[in-house]
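In our numbering, the protein residues as written are 4 to 182.
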């Protein structure tokens, strides 16, 4: 584990709480809202992410909804634009869509067709990597509009769900790895 990973993992671990039986019985939800509520800790995580990607990113794309909370201030720190990746039907204007399977159904996400310039280096960011469905769909959306995914970053990876295996086409970076 690199120094960067150790620092991010420590901050995330200290400011994450487990919520039993959410959203369904038997699931232990990793809640990172305590991290967001602590300005110093959240700021440190954003600083570390910005430092790690300095000079290598043209756009940050955040996945709805907690990816927005991380991605927008990260993009501002990095001096680059922010692009929201949203659930189907939430964006006005012309969009491109990508459907994917979930553990218990399917979903569709969208982004504006003109949100990323062809060839732009895009960092896709979300809060948690679980089975990888949303992550893969998000990266594929960026590529559909001509962007180049330079990485997929998350604060927490649920390794026991093996989502990383589905993302082998893109560099994946995580803060805290669980299980």
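We put the beta carbon where it would ideally sit given N, CA and C, even for glycine.
**Prompt:** Apart from the five residues on each side of it in sequence, which residues of its chain come closer than 6 Å, Cβ to Cβ, to residue 149?
**Reply:** Counting from one through the chain shown, the residue named residue 149 turns up at place 146. If we look at residue 149 and ignore the five residues flanking it on each side, its Cβ neighbours are 121.
**Asked** Just reading off the alpha helix (DSSP H) that residue 144 is part of, what are its end residues?
**Response** Walking along the chain shown from the start, residue 144 turns up at place 141. Per DSSP, residue 144 belongs to the alpha helix (DSSP H) from 136-147.
**Request:** Put residue 155 into one of helix, strand or coil per three-state DSSP.
**Result:** Indexing the chain shown from 1 puts residue 155 at position 152. Secondary structure at residue 155: strand, using DSSP grouped into helix, strand and coil.
**Cβ-based neighbour list, residue 75, same chain, cut-off 7 Å, excluding 5 preceding and 5 following** = Here the question's residue 75 lines up with position 72 in the chain shown. Once the five neighbours on either side are set aside, the close Cβ partners of residue 75 are 65, 85.
**Request:** Just confirm the distance between the C-beta atoms of residue 23 and residue 31, as a whole number of angstroms; I'd bet it's less than 8 Å.
**Result:** Residue numbering aside, residue 23 sits at position 20 when the chain shown is read from its first letter. Residue numbering aside, residue 31 sits at position 28 when the chain shown is read from its first letter. About 6 Å separates the two Cβ atoms, so the contact holds.
**Prompt:** For the alpha helix (DSSP H) that residue 37 lies in, which residues bound it at each end?
**Reply:** As a working note, residue 37 is residue 34 in the chain shown. It spans 36-40 - the alpha helix (DSSP H) in which residue 37 sits, taken as one unbroken run.
**Item:** Residues sharing a beta bridge with residue 126, DSSP
**Value:** Working through the chain shown from its first residue, we reach residue 126 at position 123. Beta-bridge pairing links residue 126 to 63, 154.
**Asked** Where do the N-terminal and C-terminal ends of the alpha helix (DSSP H) with residue 87 fall, by residue?
**Response** The residue you call residue 87 lines up with position 84 of the chain shown. Where residue 87 is concerned, there is no enclosing alpha helix (DSSP H), although the beta strand (DSSP E) around it starts and stops at 84-90.
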